[in-house]
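Chemist: Numbers given in my numbering equal positions in the sequence shown, counted from 1, plus 1376.
Note that the Cβ used here is the ideal one computed from N, Cα and C, for glycine as well.
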Amino acid sequence: MRPVRPGQEVPPRAETPRVFDLSLPDLPLEAGARVAPHLVRGWWWGPPEDLAWLQSRARVHSDEATRAGRLRVVRRSASELRDAASELRGTRRTGPRRTPDAVPTVLLVHALTGDMHAGGEGGWWEPVIGHGRPLDPSRVRLLCFNNLGSCYGTFGPADEGFPQRTDDTRFGPSPVLPKGDLRLDERSLPATLTPWDQARSILAALDALGVDEVALVTGGSLGGMVVLCLAALAPERFQRMVPIATAEAASAWVVGWNHVARQALLLDPEYPESPRRGLELARQLATLTYRAEAGLDALQPRPQAWSSRTLYPVESYLEHQGAKLEARFDARSYLALLGAMDHHDLTRVPTANGGPGVGRIRASTLTVGIDRDVLFPPEHMKNLSRRLRAQGLHAEHAVLCSVHGHDGFLIEWDALAPLLIRALALPAGLGRDDRLFSPAGVRARKTS
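(1) In whole angstroms, what is the alpha-carbon distance linking Arg1678 and Ser1778?
(2) Excluding the five sequence neighbours on either side, which residues of its own chain have a C-beta within less than 8 Å of the C-beta of Leu1443, listed in chain order?
(3) Across which residues does DSSP place Gly1745 in a beta bridge pair?
(4) How would you write the range of the alpha helix (DSSP H) that Val1636 sits in, first residue to last?
(5) Considering only the beta carbon of each residue, do Thr1355 and Val1395 sit closer than 8 Å?
(6) Assign Gly1834 to one of three DSSP states: helix, strand, or coil.
(7) Which two residues bound the contiguous beta strand (DSSP E) that contains Thr1481?
(8) Quick check: Leu1464 and Asp1397, are their CB atoms within less than 8 Å of each other?
(9) Go to Arg1798, then tell me how far its alpha helix (DSSP H) extends in each direction, as first and last residue.
(10) If we ignore side chains and look at the alpha-carbon of each, how far apart do Gly1383 and Trp1572 end up?
(11) Quick one: any contact between the segment 1740-1752 and the segment 1763-1783, if contact means 3 or more CB pairs under 8 Å?
(12) Using beta-carbon positions only, say whether Leu1714 and Asn1634 come within less than 8 Å of one another.
(13) What did DSSP end up calling Met1617 once you bin it into helix, strand or coil?
(14) Is the beta carbon of Ala1580 less than 8 Å from the beta carbon of Asp1543?
(15) Going by DSSP, what residue range makes up the alpha helix (DSSP H) through Thr1686?
(16) How would you call His1486, buried or exposed, if buried means at least 16 neighbouring beta carbons within 10 angstroms?
(17) Which term fits Arg1821, buried or exposed, when burial requires 16 or more other beta carbons within 10 angstroms of its beta carbon?
(18) With burial defined as no fewer than 16 other Cβ atoms inside 10 Å of the residue's Cβ, what is the status of Val1552: buried or exposed?
(19) Check the DSSP bridge columns for Ala1625 and list the partner residues they point to.
(20) Assuming contact is defined by CB atoms lying nearer than 8 Å, are Cys1520 and Gly1445 in contact in what I supplied?
(21) Mind reading off the beta-carbon distance from Glu1406 to Pro1726? Whole number of angstroms is fine, and I expect it under 8 Å.
(22) Three-state secondary structure (DSSP) at Phe1547?
(23) Just the C-alpha distance for Leu1604 and Trp1682, rounded to the nearest angstrom, thanks.
(24) Here's a check: name, in chain order, each residue in its chain whose Cβ is nearer than 8 Å to the Cβ of Val1449, leaving out the five neighbours to either side.
(25) Please classify Leu1643 as buried or exposed, where buried requires at least 16 neighbouring CB atoms within 10 angstroms.
(26) Which residue from Gly1537, Leu1518 and Ser1577 puts its Cα closest to that of Ser1399?
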């Protein structure tokens, strides 16, 4: 994680990034539904000695399949899902049970419509991941999982048999709609997901890979929400965290924007079969919340000539963004992920011993707010850092300046790079108990 000094041994170059699949134990969701089969698709990039370990724990895709699967929607029938789960369960695990000790693990969590391809060609953080970059796969082991409920290989609403809203049994049976009631039948809606569910899915994936300790976990927006839930659910596993452009709980402002986006999608007469225009409009609305006025004015200025029959540049831009998402995403997955963002609340910890989520965190933290973010104003991250320091934790705060607003963490590479370097240099958090990572401690955890 530090520059190589003169005379110091240069680490071997990393392998190329790979995608892999895992079959995990069934996952009960916070609202009462159950995810089965619990298939998760992940992405790895690390040193050469990692590959044998990964191949012993998961089904690793070929280089060609890894490249071909970039942002490709995965829709599987029930029989295809059963076959995939059966094949994965039958994978021989003859390699090391734990990760090689050569390098630390960095876990990345993608945002709402991202995927597991964090780095490499076309990756959502490509400019900061790679040889000689802040996240160097020859010096750290990089992992990213497709979030539960998305449509890029982890089980989600694009797959046949994903649970329905009627399966949210924690809150009683679904209402019977009288004739003429315009509310949507819950059988056409995906089961409710929360960032707690998504975090528990990732923790199960880490367990399956034998990753007991994560040196750094980071992500932005919805990814930042999942980062916070991970650090609260398993405080002993995460040494450092960097939540970016997020909050401890979804505000009424966030839920309100998501509500209107959902209505645009649900009111499409083609829902649920093919709500193409509805998904486009939902994305257009969301795009406005991801950007700031100054950035839009700079990139989409008013034209010098005026015509009643010509779209303004920003209108063409929004149409383009909507069409791009519609071509690469699933509408029901979009609904599930918007709902997950709505239900984010760090005070509601779904564990036996409960307690406020912030009070459970033990990781050293760098919170990052974006100065012109209208969706998650930077005060959210500043206040979180203050609360963590009040608990005696090492917590720093930084502001990423971007004329573009919320999406700055996917645009401002020159500003993001030093923040990641700073994050890797944070002291280890207070959560690690060395007994947990001794051979005896590991065996105790696995049998508890």
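Modeler: Looking at the coordinates:
(1) The residue given as residue 1678 occupies position 302 in the sequence shown. The residue given as residue 1778 occupies position 402 in the sequence shown. Looking at the backbone, the Cα of Arg1678 and that of Ser1778 are separated by about 21 Å.
(2) Residue 1443 sits at position 67 when you count from the first residue of the sequence shown. As written in the sequence, residue 1443 is Arg, which differs from the Leu given in the question. Within the same chain, Glu1497 come within 8 Å of Arg1443 by CB-CB distance, once the 5 residues on both sides are set aside.
(3) By 1-based counting over the sequence shown, the position of residue 1745 is 369. DSSP lists Val1775 as partners of Gly1745.
(4) In the sequence shown, counting from the first residue as 1, residue 1636 sits at position 260. Unbroken alpha helix (DSSP H) run through Val1636: Ala1628 to Leu1642.
(5) Beyond the ends of the chain as shown, which are 1377 and 1824, falls residue 1355; an answer cannot be given.
(6) For residue 1834 there is no data in the structure shown, the boundaries of the chain being 1377 and 1824.
(7) Within the sequence shown, numbered from 1, the residue matching residue 1481 stands at position 105. Segment Thr1481 to Val1485, the beta strand (DSSP E) holding Thr1481.
(8) If you number the sequence shown from 1, residue 1464 lands on position 88. If you number the sequence shown from 1, residue 1397 lands on position 21. Less than 8 Å separates the beta-carbon of Leu1464 from that of Asp1397.
(9) As a first step, residue 1798 is located in the sequence shown; it is residue number 422 there, counting from the start. The continuous alpha helix (DSSP H) containing Arg1798 extends over residues Trp1789 to Leu1800.
(10) Here the question's residue 1383 lines up with position 7 in the sequence shown. Here the question's residue 1572 lines up with position 196 in the sequence shown. Any reading at Gly1383 is ruled out, since the residue's pLDDT is 45, under 50, leaving its predicted position unreliable.
(11) These segments touch.
(12) By 1-based counting over the sequence shown, the position of residue 1714 is 338. By 1-based counting over the sequence shown, the position of residue 1634 is 258. Taking 8 Å as the Cβ cut-off, Leu1714 and Asn1634 qualify as a contacting pair.
(13) Taking the sequence shown and counting its residues from 1, one reaches residue 1617 at position 241. Residue state for Met1617 is assigned as strand, using DSSP reduced to three classes.
(14) Locating residue 1580 in the sequence shown gives position 204, counting from the first residue. Locating residue 1543 in the sequence shown gives position 167, counting from the first residue. Result no, Cβ atoms of Ala1580 and Asp1543 do not sit closer than 8 Å.
(15) Counting from one through the sequence shown, the residue named residue 1686 turns up at place 310. For Thr1686, there is no enclosing alpha helix (DSSP H), since its DSSP letter is neither H nor E.
(16) Here residue 1486 refers to the residue found at position 110 of the sequence shown. Answer is buried; the Cβ neighbour count reaches 16.
(17) Counted from its first residue, the sequence shown places residue 1821 at position 445. For Arg1821, the pLDDT reaches just 35, beneath the cut-off of 50, and the residue's location in the model is therefore unreliable, although a value from the coordinates is still provided. Classified as exposed, Arg1821 has fewer than 16 neighbouring CB atoms from the shown chains inside 10 Å of its CB.
(18) Walking along the sequence shown from the start, residue 1552 turns up at place 176. By the Cβ neighbour-count rule, Val1552 is exposed, with fewer than 16 other Cβ atoms within 10 Å of its own.
(19) Numbered from 1 along the sequence shown, position 249 holds the residue referred to as residue 1625. Per DSSP, Asp1721.
(20) Counted from its first residue, the sequence shown places residue 1520 at position 144. Counted from its first residue, the sequence shown places residue 1445 at position 69. Not in contact: Cys1520 and Gly1445 (Cβ atoms no closer than 8 Å).
(21) Along the sequence shown, one-based indexing puts residue 1406 at 30. Along the sequence shown, one-based indexing puts residue 1726 at 350. Taking the Cβ atoms as the reference, Glu1406 lies roughly 5 Å from Pro1726, within the contact range of under 8 Å.
(22) Mapped onto the sequence shown, residue 1547 falls at position 171. It is helical.
(23) As a first step, residue 1604 must be located in the sequence shown, where it is residue number 228. As a first step, residue 1682 must be located in the sequence shown, where it is residue number 306. Taking the straight line from one Cα to the other gives about 48 Å.
(24) In the sequence shown, the residue the question calls residue 1449 occupies position 73. Here Val1449 has Cys1527, Tyr1528, Ala1534, Arg1704, Phe1705 and Asp1706 as same chain residues with Cβ atoms under 8 Å from its own Cβ, once five neighbours each way along the sequence are excluded.
(25) Here residue 1643 corresponds to residue number 267 of the sequence shown, with the count starting at 1. When all chains shown are included, Leu1643 counts as exposed.
(26) Along the sequence shown, one-based indexing puts residue 1399 at 23. Closest by C-alpha distance to Ser1399, out of Gly1537, Leu1518 and Ser1577, is Ser1577.
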